[in-house]
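Worksheet for the structure shown next.
Below, the structure is given as structure tokens:
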């Protein structure tokens with residue numbers, strides 16, 4: 164039973180079916196936002212949603228069965244815990260004020276594509292792994308924002324109060340600048356207030372915030388992705404080595420069993436040969 168479940172879970176057709184069902188769940192979540200579609204095809208949508216949930220339950224049961232006598236090993240993988248949590252919330256009979264939570268959880272089923280697509284899983288894993296490094300980059304970016312906001316209030320606050328009238332307005336203006344959204348309008352107003360200071364102020368902040376800091380974020384993510392790929396390659400190599408050792412051990416065990424089965428016949432043959440002729 165364990166070998167059969169493992170064979171099914173590891174097969175490509177099963178993997179393709181799960182991906183298709185996850186995509187169907189995402190489509191259903193979008194269609195159910197239409198009141199007209201719910202009014203016309205509510206029964207069909209409900210039946211399809213139940214079918215999707217049933218397939219997800221079967222998938223979890225098969226994965227639990229594939230671990231044999233140690234089904235709790237299934238929960239050692241964080242992605243499996245995520246899948247299990249999503250399915251459990253969908254099974255729970257939630258209604259009333261919690262109906263919106265149930266609809267949100269059904270929408271989150273689309274995130275199961277992360278567990279179904281290994282390359283997407285590597286990307287998300289790299290993003291999570293890079294959060295610690297991103298925290299320091301974010302801290303540095305926050306310091307730059309604060310310094311430029313205080314400077315902007317002192318330089319442009321009187322002539323451009325809507326953008327630099329206070330610290331809060333200046334921080335919002337800098338956030339708009341870092342997205343390059345209509346920054347030229349703010350620049351023109353600031354230049355009218357401080358012709359010689361506006362250009363270095365805006366150019367230096369855009370270079371620091373948009374180009375350097377964002378490139379740092381991208382570099383951290385790319386580095387984390389490279390580390391994730393290296394770790395996956397090492398895990399595959401270890402699994403391959405373990406598989407080879409396991410196959411050799413299985414062959415040795417089978418050979419020992421065959422020898423044990425032949426031993427009574429060998430003893431009988433030895434006893435017959437040891438008898439004196441007559």
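Residue numbers (my numbering): 164 to 441. All residues carry an ideal CB built from backbone N, CA and C; glycine is no exception. Keep in mind it's a predicted model, so treat the numbers as computed, not measured.
Hey, would you say the C-beta of residue i is under 7 angstroms away from at least one heavy atom of the ligand ATP?
i           : result
residue 172 : In the structure shown, the ligand ATP is absent, as is every other ligand, since no ligand is present at all.
Let's see if you can read the secondary structure: which residues bound the alpha helix (DSSP H) around residue i?
i           : result
residue 222 : 198 to 228
residue 166 : 165 to 173
residue 365 : 358 to 369
residue 296 : 294 to 319
residue 326 : 324 to 327
residue 342 : Segment: none, residue 342 is in no alpha helix (DSSP H) and carries neither H nor E.
residue 249 : 241 to 254
residue 450 : Not covered by the structure: residue 450. The range shown for the chain is 164 to 441.
Throw me the rounded Cβ distance for the residue i and residue j pair, which I believe falls under 8 angstroms.
i           : j           : result
residue 336 : residue 349 : 6 angstroms
residue 315 : residue 364 : 7 angstroms
residue 272 : residue 249 : 6 angstroms
residue 215 : residue 188 : 5 angstroms
residue 380 : residue 251 : Incorrect: roughly 35 angstroms between the Cβ atoms, too far for contact.
Nearest-angstrom Cα distance between residue i and residue j?
i           : j           : result
residue 218 : residue 202 : 25 angstroms
residue 169 : residue 242 : 18 angstroms
residue 178 : residue 172 : 7 angstroms
residue 274 : residue 312 : 38 angstroms
residue 230 : residue 236 : 7 angstroms
residue 270 : residue 183 : 15 angstroms
residue 165 : residue 284 : 26 angstroms
residue 185 : residue 198 : 23 angstroms
residue 330 : residue 246 : 44 angstroms
residue 209 : residue 174 : 29 angstroms
residue 346 : residue 377 : 17 angstroms
residue 387 : residue 396 : 14 angstroms
residue 180 : residue 280 : 12 angstroms
residue 205 : residue 374 : 50 angstroms
residue 224 : residue 244 : 13 angstroms
residue 320 : residue 355 : 12 angstroms
residue 240 : residue 323 : 54 angstroms
residue 372 : residue 228 : 51 angstroms
residue 369 : residue 282 : 33 angstroms
residue 234 : residue 338 : 49 angstroms
residue 238 : residue 196 : 33 angstroms
residue 213 : residue 167 : 26 angstroms
residue 286 : residue 358 : 45 angstroms
residue 303 : residue 309 : 10 angstroms
residue 307 : residue 290 : 23 angstroms
residue 401 : residue 385 : 24 angstroms
Can you tell me whether residue i is buried or exposed? The criterion is at least 16 other CB atoms within 10 Å of its CB, across all chains shown.
i           : result
residue 268 : buried
residue 351 : exposed
residue 293 : buried
residue 367 : exposed
residue 341 : buried
residue 288 : buried
residue 393 : exposed
residue 353 : buried
residue 362 : exposed
Within the same chain, show all residues whose beta-carbon is closer than 7 angstroms to that of residue i, passing over the 5 residues directly before and after it, in chain order.
i           : result
residue 360 : 318
residue 296 : 383
residue 176 : none
Take residue i and list the residues in its own chain whose beta-carbon comes closer than 6 angstroms to its own, dropping the five residues that flank it on each side.
i           : result
residue 333 : 312, 315, 316 and 327
residue 192 : 269 and 270
Of all the CB atoms in chain D, is at least one closer than 8 angstroms to the CB of residue i?
i           : result
residue 367 : Protein chains in the displayed structure number just one, and chain D is not present.
By Cβ distance, which residues of its chain are closer than 8 angstroms to residue i, with the 5 residues on each side in sequence left out?
i           : result
residue 253 : 216, 219, 265, 268, 269 and 272
residue 211 : 187 and 191
residue 278 : 242, 243, 245, 246 and 284
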